[in-house]
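2 protein chains.
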Amino acid sequence: MATSAKLQKEPDMLSTHDRILEAATALFLQNGYAATSMNAIAKASGIQKASLYHHFESKEAVLFACFERGYQATVERMRTITGQNDQSYADRLEPLVGEIHNGIVHSSVGQMAPVIAETTSRYPEIARRFNDEFIDEMHNIAMAFLSEGMEQGEFAPFEIEAMDHALFGIPVNLTMCRSMFGGFEDLQHRYDTDRVKELHLAILRKLLGL
Amino acid sequence: MATSAKLQKEPDMLSTHDRILEAATALFLQNGYAATSMNAIAKASGIQKASLYHHFESKEAVLFACFERGYQATVERMRTITGQNDQSYADRLEPLVGEIHNGIVHSSVGQMAPVIAETTSRYPEIARRFNDEFIDEMHNIAMAFLSEGMEQGEFAPFEIEAMDHALFGIPVNLTMCRSMFGGFEDLQHRYDTDRVKELHLAILRKLLGL
DNA sequence: GTCTATAAGTAGATAGAC
DNA sequence: GTCTATCTACTTATAGAC
Chain H
1 MATSAKLQKE PDMLSTHDRI LEAATALFLQ NGYAATSMNA IAKASGIQKA
51 SLYHHFESKE AVLFACFERG YQATVERMRT ITGQNDQSYA DRLEPLVGEI
101 HNGIVHSSVG QMAPVIAETT SRYPEIARRF NDEFIDEMHN IAMAFLSEGM
151 EQGEFAPFEI EAMDHALFGI PVNLTMCRSM FGGFEDLQHR YDTDRVKELH
201 LAILRKLLGL
Chain F
1001 MATSAKLQKE PDMLSTHDRI LEAATALFLQ NGYAATSMNA IAKASGIQKA
1051 SLYHHFESKE AVLFACFERG YQATVERMRT ITGQNDQSYA DRLEPLVGEI
1101 HNGIVHSSVG QMAPVIAETT SRYPEIARRF NDEFIDEMHN IAMAFLSEGM
1151 EQGEFAPFEI EAMDHALFGI PVNLTMCRSM FGGFEDLQHR YDTDRVKELH
1201 LAILRKLLGL
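Read top to bottom, the protein sequences are chains H and F.
Quick note: the first sequence uses our numbering, first residue 1, plus one each step.
Quick note: the second sequence uses our numbering, first residue 1001, plus one each step.
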């Protein structure tokens, strides 16, 4: 236990397996899946291409592994936040929205959305898992929370399907714009993550009558 | 004139140049840019690969040409809609939103967003033009319209930057979800374009006090 | 303007030494 | 577990006949 904690303390101490996944994720995000070669992943991981095939049997397996670890943390934190019944629904809204932004805008899995779009026809299982284990779970947790808040009279009643789009549309748009235009310095201020989160909260509060 | 109109009447009558662009766009949308080979584009256009290079000097040139024609129509129609001063601001909102959905969700250029994300680091000029000639223009037209409507007292005052995200976030999210999950039949109803447009309008009306 | 043939390079993946 | 060397297939792009 102490050893493995120590091993993960510094990035240099990451296992080869994890270094590969970190490097691959960064490359997939920057250049997409097809334009990222196994050679490039190997070099970025500090090993030779043949060594890469000792850890993963194919490029497809690397892509799958990049997603494997990503879903759970965000979903768990969302469950924790919405489950805190000692707080009012209004008080739980901001941390919930913050966690949604973490998952979609800041986490590497959320940022992978364009890579999923690129690969969905070749590897539909990835898109399917992304939907089932991440998008769907987030939707269900958030929608249950908002429905309950409306039933309790803390939120003004509003078409729940519309709330769904209001809740997820804005961070998904943000993460898309950042992956398309993140390289342009003159556009950075428009896609400032903290600022957009505040604007998003203002929209949700208005819709929920807060 | 009569001849060229006739030529464009049936898909079989398209010029080779246009058939290439239609085929290339469809393939880029389905498989992404890097995974689409010039051979595949040639076959889908009904010609040989070498003939393709008679019409476009490189694969990069094909990608650029796929975007070239796409921006203007949506922007022009948005200008026409918002310019109709004989109608109330409230009455112009629905057609304006309809046109935004046309441009982002239904047009091939809007659907290309993930392809832009895939290629932005190799070909930043494409992402730049997509922003400057499409996104930026749509934002400017829509924001001017909403600001005026608020000044005239037809729309309730609301942070204009937030309106920006409320207006574009939902269709961009829709087009992303459709490109990631469009292949899954059980998810189709969630991403029904007409339904989402109605929900989007309901959100905007609520924010604008209509 | 379209074709067949081919060049030159890179991709994913494997063999086998250490 | 990592390496060098290599296989096979496919990539973008070009040459030159018709």
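The beta carbon of each residue, even a glycine, is placed where N, CA and C say it ideally should be.
Using the beta-carbon count (16 or more within 10 Å), is F/E1185 buried or exposed?
Within the second sequence, residue 1185 of chain F is the residue found at index 185, counting from 1. Exposed is the call here.
Close Cβ partners of H/T82 (< 8 Å) along its chain, the five nearest in sequence each way excluded
Numbered from 1 along the first sequence, position 82 holds the residue referred to as residue 82 of chain H. Excluding residues within five positions, the ones whose Cβ falls inside 8 Å are R92, L96, I141, A142, A144 and F145.
Between the CA atoms of F/Q1030 and F/H1017 - distance to the nearest angstrom:
Position 17 of the second sequence holds residue 1017 of chain F. Position 30 of the second sequence holds residue 1030 of chain F. Using only the alpha carbons, I get a separation of about 20 Å.
Which chain F residues sit within Cβ distance under 8 Å of H/Q30?
Counting from one through the first sequence, the residue named residue 30 of chain H turns up at place 30. What H/Q30 touches in chain F: S1121.
Segments assigned alpha helix (DSSP H), at least 4 residues, entirely inside the stretch 1059-1087 of chain F:
1059-1068 and 1072-1082
Out of curiosity, what's the CA-to-CA distance linking H/L167 and H/G209?
For the purposes of this step, residue 167 of chain H is taken as residue 167 along the first sequence, with counting starting at 1. For the purposes of this step, residue 209 of chain H is taken as residue 209 along the first sequence, with counting starting at 1. Their backbone Cα atoms lie some 15 Å apart in a straight line.
Interface residues of chain H facing F/H1165 [CB-CB closer than 9 Å]:
Taking the first residue of the second sequence as 1, we reach residue 1165 of chain F at position 165. Residues of chain H passing the Cβ test: G169, I170, N173, L174, V196, L199, H200 and I203.
Hey, F/E1159 and H/A202: beta-carbon distance below 8 Å or not?
As a position in the second sequence, residue 1159 of chain F is number 159, starting the count at 1. As a position in the first sequence, residue 202 of chain H is number 202, starting the count at 1. Cβ atoms of F/E1159 and H/A202: closer than 8 Å.
Cβ distance (whole Å) where F/L1199 is taken to contact H/E161 below 8 Å:
Within the second sequence, numbered from 1, the residue matching residue 1199 of chain F stands at position 199. Within the first sequence, numbered from 1, the residue matching residue 161 of chain H stands at position 161. Confirmed, Cβ separation roughly 6 Å.
Chain-ordered chain H contacts of F/I1116 [CB-CB under 7 Å]
Mapped onto the second sequence, residue 1116 of chain F falls at position 116. Going along chain H in sequence order, the residues near F/I1116 (Cβ under 7 Å) are M180.
Residues in the same chain with beta-carbon distance under 6 Å from H/N39, minus the five sequence neighbours each way, listed in chain order, please.
Sequence index remark: in the first sequence, residue 39 of chain H carries index 39 (1-based). Correct list, in chain order: K49.
My output table needs one value for H/R238: the three-state DSSP class, helix, strand or coil.
A query on residue 238 of chain H cannot be resolved here, the shown segment of chain H reaching from 1 to 210 and no further.
The stretch 55-63 of chain H contacting the stretch 1055-1072 of chain F, beta-carbon criterion three pairs below 8 Å
Taking one beta carbon from each stretch, the stretch 55-63 of chain H and the stretch 1055-1072 of chain F have fewer than 3 pairs nearer than 8 Å; the two do not touch.
Quick one: residues in its chain with C-beta nearer than 6 Å to the C-beta of F/T1193, no 5 flanking neighbours on either side, listed in chain order?
Sequence index remark: in the second sequence, residue 1193 of chain F carries index 193 (1-based). Only V1105 meet the Cβ criterion.
Please name the residue, chosen from H/I126, H/A26, H/K206 and H/F181, that lies closest to F/P1124 on a Cα-to-Cα basis.
The residue labelled residue 1124 of chain F in the question sits at position 124 within the second sequence. Out of H/I126, H/A26, H/K206 and H/F181, H/F181 has the C-alpha closest to the C-alpha of F/P1124.
At a CB-CB cut-off below 7 Å, which residues of chain F make contact with H/P124?
Counting from one through the first sequence, the residue named residue 124 of chain H turns up at place 124. Neighbours of H/P124 on chain F, chain order: G1183.
Contact with chain H by F/K1043, beta-carbon distance below 8 Å
The residue given as residue 1043 of chain F occupies position 43 in the second sequence. Answer no: the Cβ-Cβ gap between F/K1043 and chain H never drops below 8 Å.
Excluding five sequence neighbours on each side, which residues of the same chain lie with their C-beta closer than 6 Å to the C-beta of H/A5?
The sequence position of residue 5 of chain H within the first sequence is 5, counting from 1. Residue confidence is low: H/A5 scores 38 on pLDDT, short of 50, so the model does not pin down where it sits. No coordinate-derived value is stated.
Is any beta-carbon of chain F found at less than 8 Å from that of H/F158?
Counting from 1 along the first sequence, the entry for residue 158 of chain H is found at position 158. Closer than 8 Å to the CB of H/F158 there is at least one CB belonging to chain F.
Determine the chain F residues that contact H/N131 at a beta-carbon separation under 8 Å, and present them in chain order.
Within the first sequence, the letter at position 131 stands for residue 131 of chain H. Near H/N131 (Cβ distances below 8 Å), the residues of chain F are M1180, F1181, F1184 and L1187.
If we ignore side chains and look at the alpha-carbon of each, how far apart do H/I135 and H/A113 end up?
One-based indexing of the first sequence puts residue 135 of chain H at position 135. One-based indexing of the first sequence puts residue 113 of chain H at position 113. Approximately 11 Å, taken between the alpha carbons.
Could you check whether F/M1163 and F/P1157 sit closer than 8 Å to each other, using their CB atoms as the reference points?
What you label residue 1157 of chain F is simply residue 157 of the second sequence in a count that begins at 1. What you label residue 1163 of chain F is simply residue 163 of the second sequence in a count that begins at 1. Cβ distance not < 8 Å, so F/P1157 and F/M1163 don't count as in contact.
Whose CA, out of H/Y33, H/A35, H/A23 and H/Y53, lies closest to the CA of H/K225?
Here chain H comprises residues numbered 1 to 210, so residue 225 of chain H is not present and cannot be evaluated.
In the stretch 1138-1151 of chain F, which residues sit with their C-beta less than 8 Å from some C-beta in chain H, listed in chain order?
none
Selected residue, minimal CA-CA separation from F/S1107, among F/Q1084, F/L1052, F/G1070 and F/E1118:
Counting from 1 along the second sequence, the entry for residue 1107 of chain F is found at position 107. Among F/Q1084, F/L1052, F/G1070 and F/E1118, the Cα nearest to that of F/S1107 is on F/G1070.
Determine the burial state of H/S51: buried for a count of at least 16 other Cβ atoms within 10 Å of its Cβ, exposed for fewer.
Here residue 51 of chain H refers to the residue found at position 51 of the first sequence. When all chains shown are included, H/S51 counts as exposed.
Start and end residues, alpha helix (DSSP H) containing F/R1178
On the second sequence, residue 1178 of chain F is found 178 positions in, with the first residue counted as 1. F/R1178 -> alpha helix (DSSP H) spans I1160 to F1181.
Cβ neighbour criterion (16 or more within 10 Å) applied to F/T1080
Here residue 1080 of chain F is taken as the residue at index 80 of the second sequence, counted from 1. Burial call: exposed.
Contacts that H/E161 makes with chain F (C-beta to C-beta distance below 7 Å):
On the first sequence, position 161 is the one that residue 161 of chain H refers to. Here the neighbours are L1199.
Under 9 Å Cβ-Cβ, which residues of chain F neighbour H/K206?
Here residue 206 of chain H is taken as the residue at index 206 of the first sequence, counted from 1. Correct list: F1158, A1162, K1206 and L1207.
Give a yes or no on whether 8 Å exceeds the smallest Cβ distance from H/A127 to chain F.
By 1-based counting over the first sequence, the position of residue 127 of chain H is 127. True, the Cβ-Cβ gap to chain F drops below 8 Å.
Using C-beta distances below 6 Å, list every residue in its chain close to F/L1007, excluding the 5 sequence neighbours before and after it, in chain order.
Within the second sequence, numbered from 1, the residue matching residue 1007 of chain F stands at position 7. Note that F/L1007 has pLDDT 41, beneath the 50 cutoff, so the model's placement of it is unreliable and the number below is only indicative. Closer than 6 Å at Cβ, skipping near neighbours: M1013.
From which residue to which residue does the alpha helix (DSSP H) around H/M138 run?
One-based indexing of the first sequence puts residue 138 of chain H at position 138. Per DSSP, H/M138 belongs to the alpha helix (DSSP H) from D136 to E151.
Using CA atoms only, rank isn't needed, just tell me which of F/R1122, F/R1128, F/R1178 and F/E1118 is closest to F/E1068.
In the second sequence, residue 1068 of chain F corresponds to position 68, counting from 1. With distances taken between Cα atoms, F/E1068 lies closest to F/R1128.
Quick one: which chain F residues come within Cβ less than 7 Å of H/A113?
Your numbering for residue 113 of chain H matches position 113 in the first sequence. Within 7 Å Cβ-Cβ: M1176 and M1180.
Near F/G955, what residues of its chain come up, given a Cβ to Cβ distance below 7 Å and the 5 sequence neighbours on each side ignored?
Residue 955 of chain F cannot be examined here, being either before or after the span of chain F that is shown, 1001 to 1210.
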